[in-house]
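Following: one structure in structure tokens, then a few remarks.
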Amino acid sequence: MNRLEIPGYYYDEDKKKYFKIEASRTAPISAAWSASSVKRRQLETHEAEARRKRLARDAGRIRRARILHEPLAGGCFLRREIGQQQKQAYSPSLEDARRESWAQGLRNKGDIRLWPDLGDAAGAGVTLMYIGGQDERSGLGVCYAALDDDSLMSSYIPRNDRDEIDFREAAVKYRNTDFKPTAETTHTPQLSSLKYHAPSHKMLVTSRQPGHPAGIGIFTPRLQMPGDGDDPSLLPLWRLGDDSSFTVFGGLPSAFKGAVVNTCAPAPASSRFICVAGTNMGIFTHHEQHDRTRLCWLTSFPPNHNAGKPYRQRRGGGTTHDDHRTFIPDDFYMKESHGEIFALDFLAQNPADVIIAAGRSRDICLIDTRCPEDEWTYIQHNSSVAHVRSVGNYEVLAAGPRSSMAIYDVRYNRYSPYQNNNRSTYTSSGGPSAGSSSAGSARRNHHQHRRAKDGSNRSSKLLPAVAKSSAVPVVEFPEYKNDPYLLHIGFDVLDHKDGGIVAAAHDDGAVGLYSLKSGRRLRVPAFDDKHNTGGGNNSVVKSLMFQTMPGDVHPSLFIGRGTKIEKFSFGRAFKRKGGGVVEGLED
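Under numbering that gives the first Met the number 0, residues 0 to 586 are what the sequence shown spells out, in order.
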């Protein structure tokens, strides 16, 4: 409430009283109610208010110089001259200069429309895609994409000398090639993943439809060889649309019809597997042995949901389906790796033997195929994990709901939940903690573990060791936005040798590029308003991918926006005027 101004009186804020203003010649020297003191305070108050208004007005007039936003000149070399600290958020480090330059150099190079009849149909969107850039002979890229997890289409990706997608020019150059979108009759409903296994030249598809045979669908794109007199540079290497080789390998036991495949990850050339697949009951592998294709459970066989009790292991050690983990031991308990698996990858430091798995639980499992399941270690993320990737030799990138995306070092922050039941065993480095260092505690935990395995103490099943807290990340991404529980959302990583950038879709429809070094969001002027600020939850990008096209030095970013796939590449911008092409840089 404003105080009342009474002429000839002074209001003391401390004493909450009015005092009559006294002439300076009769009032004490330091009196607050003297006429000179009251006048001085009024002038000071007026000047302070005028200064506050001036600063507020000038705040909207002063802008940073444009050069300070440039990653090289302003971000690195002028930092010392302007007294800028490296820790400031808008100041990219020297390590991020190359990433920042690449992101700012991206330009829109056209789009691919596999469903031209639909146009920009509301609600329809590209949910899965694979972009291939292996055809160095003709320079054509290939694109496989699914609309709403159902309609699988394919097309070539022709480019002109300006690196723009140009179907008109390609129709003149490649006269014997049909550039119309081709339907791939794979007959796989509710597609959950679409991947390419380069060592065997096979496309891998999986389905999440309940009741559909849980397995891996495989088709091999045919390779075209030029005939006598043909120009090899005008003949595409891949022949699209010919999927007569499509085969579904489903060797999982029929008793577990509730199993659905959420994702699969193609294995590297050094691995003995073709791929690993994550289901709602665990993980199984697909590999070939002695000219036979086999599906085997990598995790312990899941419990039988159709029967009244789980399978028991035979005393004689027999197995079925050529699977040494077909039967459930007596001490079966639901582990983290038996829940729903949404993301899989192979650790770069040892891709032949170590697999990274994550899903609905917060745990990221490091699966060493050379060790028993009880010796696998875990890292705990801040939320469920929708995507996981190996970046660098020992780093793992995880992203999921609650806007949580972080990088962890697998050499630290690990725990083994099945070693004992002591609540003090979790450490940030994976080593023994102070609460479990005594020999007596170790012996008690050992005997408790033995009793649980022998079945003598059935009521106390071996549970995860502690009420765990989230691991300490190496790098965090505070600007990543995925507050709702969106698990099917666009995500891809450009590894360290190509720049160390992660592209992640946001829950509002935007797409962000982030540095794997610092976690900063990179500025991309080529992205329009939909990519930068989003268009609402109905426009969430569910599929995007990095790929280096034939003959290119830098990779391109492909984003599935609605029913079209947009291409962004590093280079100059070209403006079309009157049917011609005029080269020019954007302002």
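Where a beta carbon is used, it is the ideal one built from N, C-alpha and C, also for glycine. As the structure is a prediction and not an experimental result, all values here were calculated from the model.
Asked, Found
"Taking residue 145 as part of the beta strand (DSSP E), name the residues at either end of that continuous run.", "140-146"
"Could you spell out where the alpha helix (DSSP H) holding residue 44 opens and where it closes?", "34-58"
"Give the DSSP bridge partners of residue 370, in chain order.", "In DSSP, residue 370 forms no bridge with anything."
"Three or more beta-carbon pairs under 8 Å between the stretch 184-195 and the stretch 142-151, yes or no?", "yes"
"Just mark residue 145 as buried or exposed, buried being the case when its beta carbon has 16 or more other beta carbons within 10 Å.", "buried"
"Buried or exposed: residue 419, going by 16 or more other Cβ atoms within 10 Å of its Cβ?", "With a pLDDT of 45 at residue 419, under the threshold of 50, the modelled position of this residue cannot be trusted; read the value that follows with caution. That one is buried."
"The alpha helix (DSSP H) spanning residue 478 covers which residue range?", "Taken as a continuous stretch (DSSP letters only), residue 478 belongs to no alpha helix (DSSP H), as it is neither H nor E."
"Decide if residue 244 is buried, meaning its Cβ has at least 16 other Cβ atoms within 10 Å, or exposed.", "exposed"
"Report yes or no: is there a C-beta of chain C within less than 8 Å of the C-beta of residue 206?", "You won't find chain C in this structure, because it holds only one protein chain."
"Considering only C-alpha positions, which residue in the set 563, 560, 525 and 546 is nearest to residue 100?", "525"
"Are the stretch 553-572 and the stretch 115-127 in contact at 8 Å, needing three or more beta carbon pairs?", "yes"
"Residue 538 and residue 508 look like a contact to me (Cβ under 8 Å); what is the Cβ gap, rounded to whole Å?", "4 Å"
"Figure out for me which residue from 540, 500, 516 and 240 has the closest Cα to the Cα of residue 523.", "500"
"Which residues mark the beginning and the end of the alpha helix (DSSP H) in which residue 170 is found?", "166-172"
"Skipping 5 residues on each side, what residues in its chain have a beta carbon closer than 8 Å to that of residue 216?", "185, 187, 203, 204, 205, 206, 245, 246, 247 and 248"
"Would you give the residue range spanned by the alpha helix (DSSP H) that residue 183 belongs to?", "No alpha helix (DSSP H) holds residue 183; DSSP gives it neither H nor E."
"By DSSP, does residue 101 sit in helix, in strand, or in coil?", "helix"
"State the beta-bridge partners of residue 236 as determined by DSSP.", "Partner(s): none; residue 236 has no beta bridge."
"Are the beta-carbon atoms belonging to residue 140 and residue 155 less than 8 Å from one another?", "yes"
"Just to confirm, are residue 563 and residue 487 a CB contact at a threshold of 8 Å?", "no"
"Are the beta-carbon atoms belonging to residue 341 and residue 266 less than 8 Å from one another?", "no"
"From residue 54 to residue 517, what distance separates their C-alpha atoms?", "34 Å"
"Out of curiosity, what's the CA-to-CA distance linking residue 8 and residue 51?", "27 Å"
"How many whole angstroms separate the CB atoms of residue 282 and residue 297, which I take to be in contact at a CB cut-off of 8 Å?", "4 Å"
"What did DSSP end up calling residue 265 once you bin it into helix, strand or coil?", "strand"
"Residues bridged to residue 152 by DSSP?", "144 and 182"
"Between which two residues does the beta strand (DSSP E) holding residue 553 run?", "No beta strand (DSSP E) holds residue 553; DSSP gives it neither H nor E."
"Which first and last residues belong to the beta strand (DSSP E) in which residue 407 is found?", "403-408"
"Helix, strand or coil for residue 354, going by three-state DSSP, please let me know.", "strand"
"Quick one: which unbroken beta strand (DSSP E) runs of 3-plus residues sit fully inside the stretch 491-522? Chain order, please.", "500-504 and 510-514"
"At the level of alpha carbons, what is the spacing between residue 222 and residue 130?", "17 Å"
"Evaluate residue 201 with the Cβ neighbour count: other Cβ atoms within 10 Å of its Cβ, from every protein chain shown; 16 or more gives buried, anything less gives exposed.", "buried"
"Measure the C-alpha to C-alpha separation of residue 138 and residue 161 and round it to an integer number of angstroms.", "13 Å"
"Taking 8 Å as the limit between beta carbons, can you name the residues of its chain near residue 134, skipping five residues before and five after?", "140, 141, 235, 236, 237 and 549"
"Can you name, in chain order, every residue of its own chain whose Cβ lies under 7 Å from the Cβ of residue 408, other than the five neighbours on each side?", "393, 394 and 473"
"Short of 7 Å in beta carbon distance, which residues of its chain neighbour residue 369, apart from the five on each side in sequence? Order them along the chain.", "352"
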